[in-house]
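Engineer: Quick note: the sequence shown uses our numbering, first residue 2, plus one each step. Quick one: this structure, given as structure tokens, is what I'll be asking you about.
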Amino acid sequence: MVAVKAKNLVRFMGCLLLAGSLLALVSPTVEANEEVERRSAAVVRLDDGRLVAQELARIMRRGELVVAVIGSPAPPFVDEKDGRLVGYDVELATAIAATLRVGVRFDRTAMTYNQITEMVAQGRADMGLSKLARTLARAQMVRFSHTYLHIPHALLFNRVALAKIAGDRPVPAMVRNFSGALGVIQQSAFEDFAVANFPAAKLVKFRNWDAAVEAVRRGTVAAIYRDEVEVRGLLQADPSLALTLRSVTFTDLESALAIAVNIKDGALLAYINEFLDSMPNKPTVVSILDRNRKEAGR
2 MVAVKAKNLV
12 RFMGCLLLAG
22 SLLALVSPTV
32 EANEEVERRS
42 AAVVRLDDGR
52 LVAQELARIM
62 RRGELVVAVI
72 GSPAPPFVDE
82 KDGRLVGYDV
92 ELATAIAATL
102 RVGVRFDRTA
112 MTYNQITEMV
122 AQGRADMGLS
132 KLARTLARAQ
142 MVRFSHTYLH
152 IPHALLFNRV
162 ALAKIAGDRP
172 VPAMVRNFSG
182 ALGVIQQSAF
192 EDFAVANFPA
202 AKLVKFRNWD
212 AAVEAVRRGT
222 VAAIYRDEVE
232 VRGLLQADPS
242 LALTLRSVTF
252 TDLESALAIA
262 VNIKDGALLA
272 YINEFLDSMP
282 NKPTVVSILD
292 RNRKEAGR
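As structure tokens, then:
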């Protein structure tokens with residue numbers, strides 16, 4: 002009786018081992034098939050036969066790339082001329098759309114640079130740009146492309162205020178520890194940059210660049226903070242401003258301009274990066290300033 006039970010137990014254990022071996026053979030095959038299905042679902046075939054990523058197919062089937070840009074003029078990146086949108090960033094977005102074989106629609110409802118990233122984060126635009134700088138705060142809601150232009154930061158001082166603050170100290174030493182009233186455009190990257198780079202300064206926020214310039218000209222603030230393109234462009238446009246204002250450009254502080262895409266659109270981000278990396282003539286501060294002068298007729 003004991004021998005029979007032992008023999009049955011051996012047979013039972015043998016069956017278990019055989020079943021386990023079969024499952025071990027079947028399970029990887031099932032998992033592999035499921036992985037293939039998951040990967041296949043990430044791409045679709047268009048009517049013209051092209052196999053493309055889901056998010057690119059969404060744009061192609063719609064027939065247009067929706068691009069969020071700033072609603073106010075930001076030459077030479079975004080501007081309006083004879084009723085049509087022009088500028089470097091407008092051309093960049095149009096070129097990307099052309100490689101996707103679709104049109105482009107610019108959404109100008111954003112009135113601040115932060116609102117551009119919010120529109121992209123909320124899925125109201127496929128991508129966003131307009132001299133858009135990468136910041137840690139914005140990177141919490143969108144993904145950024147590779148940088149396509151580095152622009153050094155600059156301060157524009159009221160000369161009278163600068164003389165009072167600096168005293169006998171060299172200007173470079175004073176600037177690094179600046180604690181006066183510093184103007185920035187509200188909801189721009191320079192709000193974040195000012196907090197990080199000039200923690201002792203008293204921030205004064207302005208609705209737009211024109212208001213900030215007027216404030217520093219009048220001495221309401223000691224300085225305003227932006228980038229070299231804007232500061233140099235302002236002084237080139239009106240050389241008489243150099244009598245009352247003085248610029249200071251930094252070599253170790255800069256804005257990295259990039260294109261924002263939705264946090265889920267990894268394939269679109271990879272495509273944009275490929276486009277940017279393959280551009281033959283990448284912009285520089287000098288080329289942007291030259292363009293600005295030509296477009297303004299200077």
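A virtual CB, placed ideally from N, CA and C, is assigned to each residue, including glycine. A quick note: this is a predicted structure, and the numbers were derived from the prediction, not measured.
What is the rounded straight-line gap between the Cα of aspartate 278 and the Cα of leucine 183?
Structural biologist: 36 Å
Engineer: Rounded to whole angstroms, what's the CA-CA distance from phenylalanine 107 to alanine 69? Just pull it up for me.
Structural biologist: 6 Å
Engineer: When you compare the CB positions of lysine 283 and tyrosine 89, do they come within less than 9 Å of one another, or not?
Structural biologist: no
Engineer: Residues in its own chain within less than 7 Å of phenylalanine 78 by CB, not counting five upstream and five downstream?
Structural biologist: Once the five neighbours on either side are set aside, the close Cβ partners of phenylalanine 78 are Gly88, Tyr89, Asp90, Ser131 and Lys132.
Engineer: Run through DSSP, which three-state label would phenylalanine 145 get?
Structural biologist: The three-state reading of DSSP puts phenylalanine 145 in strand, counting E and B together.
Engineer: Quick one: Cα of isoleucine 97 to Cα of alanine 213, how far?
Structural biologist: 34 Å
Engineer: Look at the alpha carbon of isoleucine 289 and the alpha carbon of asparagine 198, and state the distance between them as a whole number of angstroms.
Structural biologist: 25 Å
Engineer: Please classify arginine 139 as buried or exposed, where buried requires at least 16 other C-beta atoms within 10 Å of its C-beta.
Structural biologist: buried
Engineer: Helix, strand or coil for asparagine 209 per DSSP?
Structural biologist: coil
Engineer: From this set, Val217, Gln187, Arg227 and Arg219, which residue's C-alpha is nearest arginine 208's C-alpha?
Structural biologist: Gln187
Engineer: Buried or exposed: glutamate 119, going by 16 or more other Cβ atoms within 10 Å of its Cβ?
Structural biologist: Residue environment analysis places glutamate 119 among the buried positions, since at least 16 neighbouring C-beta atoms fall within 10 angstroms of its C-beta.
Engineer: Can you tell me where the alpha helix (DSSP H) holding aspartate 228 begins and where it ends?
Structural biologist: That residue, aspartate 228, is in no alpha helix (DSSP H); its beta strand (DSSP E) goes 224-228.
Engineer: Between which two residues does the beta strand (DSSP E) carrying alanine 111 extend?
Structural biologist: 104-111
Engineer: According to DSSP, what are the bridge partners of aspartate 80?
Structural biologist: Val87
Engineer: Residue range of the beta strand (DSSP E) that threonine 252 falls in?
Structural biologist: Element bounds for threonine 252: 246-258.
Engineer: Which residues mark the beginning and the end of the beta strand (DSSP E) in which alanine 267 is found?
Structural biologist: Per the sequence presented here, residue 267 reads as glycine, with alanine not at that position. Here glycine 267 belongs to no beta strand (DSSP E); instead the alpha helix (DSSP H) covers 267-278.
Engineer: From the DSSP output, which residues share a beta bridge with phenylalanine 158?
Structural biologist: Ala224 and Arg247
Engineer: If I follow the unbroken beta strand (DSSP E) through isoleucine 186, where does it start and stop?
Structural biologist: 182-186
Engineer: What did DSSP end up calling arginine 46 once you bin it into helix, strand or coil?
Structural biologist: strand
Engineer: According to DSSP, is proline 1 helix, strand or coil?
Structural biologist: Because residue 1 is not part of the residues shown, which for the chain are 2 to 299, the question remains open.
Engineer: If you check the beta carbons only, do glycine 104 and leucine 66 fall under 9 Å apart?
Structural biologist: yes
Engineer: Excluding the 5 residues preceding and the 5 following phenylalanine 276 in the sequence, name in chain order all residues of the same chain whose CB lies nearer than 7 Å to its CB.
Structural biologist: Ile97 and Thr100
Engineer: Check this for me: beta carbons of arginine 144 and leucine 258, under 9 Å apart or not?
Structural biologist: Result no, Cβ atoms of arginine 144 and leucine 258 do not sit closer than 9 Å.
Engineer: Measuring CA to CA, which of Asp49, Asn159 and Val287 is closest to threonine 245?
Structural biologist: Asn159
Engineer: Identify, in the order they occur along the chain, each residue of the same chain with its Cβ nearer than 7 Å to the Cβ of glutamate 255, setting aside the five sequence neighbours on each side.
Structural biologist: His151, Ile152, Pro153 and His154
Engineer: Since I believe leucine 269 is in contact with leucine 57 (beta carbons under 8 Å), could you give me their beta-carbon distance rounded to a whole number of angstroms?
Structural biologist: 6 Å
Engineer: Looking at valine 222 and alanine 162, is the spacing between their C-beta atoms short of 9 Å?
Structural biologist: yes
Engineer: Under 8 Å Cβ to Cβ from valine 37, same chain only, skipping five residues before and after it: list those, please.
Structural biologist: Because valine 37 sits at a pLDDT of 49, beneath the cut-off of 50, its placement in the model cannot be relied upon, and the point is left open.
Engineer: Which same chain residues, not among the five before or five after isoleucine 60, have their C-beta less than 7 Å away from its C-beta?
Structural biologist: Leu66, Leu101, Val103 and Asp127
Engineer: Need the endpoints of the beta strand (DSSP E) that leucine 52 sits in, please.
Structural biologist: 52-54
Engineer: From the DSSP output, in three-state form, read off asparagine 263 for me.
Structural biologist: Of the three classes helix, strand and coil, the one that applies to asparagine 263 here is strand, per DSSP.
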